[in-house]
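According to mature numbering (1 follows the signal peptide of the UniProt record, and there is no 0), the stretch in the sequence shown is residues -21 to -1, 1 to 132, in order. Only one structure is covered here, and it is reproduced in the block below.
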Amino acid sequence: MKKIVVGLGLAMAAASGFSTVAVSSGSSVDMKTSGCGLVVTNAEVENYGKDQAEVKMNIKNNTDNMVTIQNAISSVDTKTELHHFVMQDGKHVMKPVGEIDVPSHKIDKLGFHRTHVMLIGLKNAPLKVGSTVDLTLLEKGNCRIPVHAKVVK
């Protein structure tokens, strides 16, 4: 009886859109992906200033459509934003960006001093080197992509 119930549960999960999403730590997390088809690798965090940190990562889009990241959330800060650098008065200045588009079958490399995720108002600043920060990318189609980023600096 247990085998039948487990088998039915797995079949129902597969039918409802549950699948495995790879995360940067090399492990995987079962979650409803809503068909977003993104894989995050090489996620790292660097402390930035007094109570902020930058998150870099590679986001691979395995779908036939552009996927848009609209936001990010984390429990380690008071505000999580998507950022990019722009030229302003001859200087590179960091500014919030509304969303990040990841082209079909491409890898978008988010990194320090270009498009990245910014952790603002760290609750326990600075973040400890070697620790892991968990955050979630929020995709336009309501997909939630878990990210586990190692603090490297």
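In this text, a Cβ means the ideal position worked out from N, Cα and C, and glycines have one as well. Remember, it's a predicted structure, so these values are computed and weren't measured experimentally.
Delimiting residues of the beta strand (DSSP E) encompassing residue i
i	result
residue 36	31 to 40
residue 88	86 to 89
residue 50	46 to 53
residue 132	Looking at the DSSP string, residue 132 is not in any beta strand (DSSP E), and its letter there is neither H nor E.
residue 60	58 to 67
residue 106	Unbroken run through residue 106: none, as it is neither H nor E.
residue 20	17 to 27
Exposure label - residue i; buried when at least 16 CB within 10 Å
i	result
residue 57	exposed
residue 78	exposed
residue 102	exposed
residue 83	exposed
residue 124	buried
residue 120	exposed
residue 86	exposed
Cβ separation of residue i and residue j, assumed to be a contact under 8 Å, to the nearest whole Å
i	j	result
residue 72	residue 65	6 Å
residue 96	residue 59	7 Å
residue 76	residue 108	Incorrect: roughly 27 Å between the Cβ atoms, too far for contact.
residue 50	residue 16	Wrong, their Cβ atoms sit about 18 Å apart, outside the cutoff.
Sub-8 Å separation of residue i and residue j beta-carbons
i	j	result
residue 19	residue 45	no
residue 55	residue 129	no
residue 32	residue 106	yes
Selected residue, minimal CA-CA separation from residue i, among the options
i	options	result
residue 114	41, 126 and 84	126
residue 74	119, 92 and 100	92
residue 89	30, 27, 34 and 124	34
residue 53	121, 120 and 100	100
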